[in-house]
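Position in the sequence shown (from 1) plus 13 gives the number in this note's numbering.
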Amino acid sequence: MDSFTFQINDSLKRVKETEELTSKVQKETESIHDMLNILKNKNEEMLTAFKQIDQLEIIVNRVKDTYNAVAKNMDQIERTISASTSTFGLGKKRSTTVQPYFPPPDHVDIYNTDELFNPLSSSK
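In structure tokens:
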């Protein structure tokens, strides 16, 4: 009878240990699921941030292109002014003044700020 009681107690002990381990595994599994949900949410936030960065890059490139076009126009205007004000006669001065010709600058697309930033506000 002692042997039977010992085996029953041993079995009960193993069942209790298994129950405790199962409970720990369930808690860890719940914790892992919570972490996965948090990571999924963070991933969505990161994707949104990356989209905003891409849109900002487009804006920066537009501003850069506009700046470069305006700078090119300014260089042309400065060269034209410099050429029209320099003396070509090598010491001979004209008695009549000549109106220098200034060609119009090239067209530059300058974007409205609302056009640039509306895509950002609609993606939030």
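Beta carbons: idealized from backbone N, C-alpha and C, even for Gly.
Write down the C-beta distance between residue i and residue j rounded to the nearest angstrom, noting that I regard them as a contact closer than 8 Å.
i, j, result
"N86", "D119", "6 Å"
Would residue i pass as a contact of residue j if the rule is Cβ separation under 8 Å?
i, j, result
"T93", "P117", "no"
"D122", "T79", "yes"
Give the secondary structure of residue i by DSSP, where H, G and I count as helix, E and B as strand, and everything else as coil.
i, result
"N56", "helix"
"D122", "coil"
"M14", "coil"
Please go through the same chain and pick out, in chain order, the residues whose beta-carbon is closer than 6 Å to the beta-carbon of residue i, but skip the five residues on each side of it.
i, result
"Y124", "R75"
"K55", "none"
Excluding the 5 residues flanking residue i on each side, which residues of the same chain have their C-beta closer than 7 Å to its C-beta?
i, result
"E58", "none"
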